[in-house]
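Novice:
Residue numbers (the working numbering): 47 to 256.
(1) For residue 156, count the other beta carbons within 10 Å of its own beta carbon; 16 or more makes it buried, fewer makes it exposed. Which is it?
(2) Out of 92, 152, 236, 223, point me to the one whose CA is closest to residue 195's CA.
(3) State the Cα-Cα distance for the pair residue 72 and residue 177, rounded to the nearest angstrom.
(4) Are the Cβ atoms of residue 198 and residue 136 separated by less than 9 Å?
(5) Please state the DSSP three-state secondary structure of residue 195.
(6) With three or more beta-carbon pairs closer than 8 Å as the criterion, would you say the stretch 143-162 touches the stretch 210-222?
(7) Classify residue 186: buried if its beta carbon has 16 or more other beta carbons within 10 angstroms, exposed otherwise.
(8) So the alpha helix (DSSP H) residue 214 belongs to, where does it begin and stop?
(9) Just confirm the distance between the C-beta atoms of residue 169 and residue 147, as a whole number of angstroms; I'd bet it's less than 8 Å.
(10) At which residues does the alpha helix (DSSP H) containing residue 153 begin and terminate?
(11) Quick one, which of 164, 102, 114, 162 has its alpha-carbon nearest residue 60's?
(12) Can you tell me whether DSSP reads residue 165 as helix, strand or coil?
(13) Any heavy atom of the ligand MN inside 8 Å of the beta-carbon of residue 232?
(14) Taking 9 Å as the cut-off, decide whether the C-beta atoms of residue 175 and residue 98 are in contact.
(15) Spatial neighbours of residue 132 within its chain, please: C-beta separation below 6 Å, excluding the five flanking residues on both sides.
(16) What is the DSSP secondary structure of residue 255, counted as helix, strand or coil?
(17) Taking residue 84 as the reference, give the member of 74, 95, 111, 66 with the closest Cα.
(18) Got a sec, what are the start and stop residues for the alpha helix (DSSP H) residue 107 sits in?
(19) Under 7 Å Cβ to Cβ from residue 228, same chain only, skipping five residues before and after it: list those, please.
(20) If I'm right that residue 257 touches residue 189 with Cβ under 8 Å, what's the distance once you round it to whole angstroms?
(21) Rounded to whole angstroms, what's the CA-CA distance from residue 96 to residue 212? Just pull it up for me.
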């Protein structure tokens, strides 16, 4: 969904990327700083009930997720290390976001459907880590597992929009239902990737046995 905006985001952030490059800022520094800010906001604002502000700030910094990549390409430093660092720190940021949402429901048991919300958010946290792991592990054994319902940025938007808007009057049941559907979608994605890799890895054995 949001990947279709990638070209637009590249054009938008290219001037900023060039400016940071002139200042001597490295792509790795941008990656690390963005992750630290997102984790801090997620764990400081979401559990304390500042859902709209927290979601808004995380959304703003999520838009800058492509900035480090633009800088790396501009500096001729794009490569496996940057991709590894970015992907690894993305997992930390995602975990912090869903941990923050989980803690909100745990610390506010008076909120409607708080238990359901905590379980759904926790499921999103766990499955959100398994989805990219399944793809990475598949690639390490010579298979591909890029199938799936939603990308990382999509999952964050789907989770943060309804949760954030509860501060503006959206019923909590809507946010909880969305989190539940997101957890189910993540589970389906994991199952799809397992099935896809199984077919790919069994195919050579089947052909070799003929």
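Heads up, the beta-carbon is just placed ideally off N, CA and C, and yes, glycines get one too.
Specialist: Taking the geometry as given:
(1) Label assigned to residue 156: exposed.
(2) Shortest Cα-Cα distance from residue 195 to any of 92, 152, 236, 223 involves 236.
(3) In a straight line, the C-alpha of residue 72 is about 29 Å away from that of residue 177.
(4) Cβ atoms of residue 198 and residue 136: closer than 9 Å.
(5) The answer is coil: DSSP assigns residue 195 none of H, G, I, E or B.
(6) Yes: at least three Cβ pairs fall under 8 Å.
(7) Classification for residue 186: exposed.
(8) Going by DSSP, residue 214 is part of no alpha helix (DSSP H) at all; its letter is neither H nor E.
(9) Approximately 11 Å separates the beta-carbon atoms of residue 169 and residue 147; this is outside 8 Å, ruling out the contact.
(10) DSSP places residue 153 inside the alpha helix (DSSP H), whose first and last residues are 126-153.
(11) Among 164, 102, 114, 162, the Cα nearest to that of residue 60 is on 114.
(12) Here residue 165 sits in helix by DSSP.
(13) Looking for the ligand MN in the displayed structure turns up nothing, as the structure carries no ligands at all.
(14) Against a cut-off of 9 Å, the Cβ pair of residue 98 and residue 175 comes out as no contact.
(15) If we look at residue 132 and ignore the five residues flanking it on each side, its Cβ neighbours are 77.
(16) Only weak support exists for where residue 255 lies, its pLDDT of 47 falling under 50; the value from the coordinates is given anyway. Here residue 255 sits in coil by DSSP.
(17) Restricting attention to 74, 95, 111, 66, the CA atom closest to the CA of residue 84 is found in 111.
(18) Secondary structure note for residue 107: its alpha helix (DSSP H) is the uninterrupted segment 97-109.
(19) Within the same chain, and ignoring the five residues on either side of residue 228 in sequence, the residues whose Cβ sits closer than 7 Å to its Cβ are 170, 201, 204, 205.
(20) This structure does not reach residue 257, given that the chain is present from 47 up to 256, and the question cannot be answered.
(21) Rounded to the nearest angstrom, the two C-alpha atoms are 10 Å apart.
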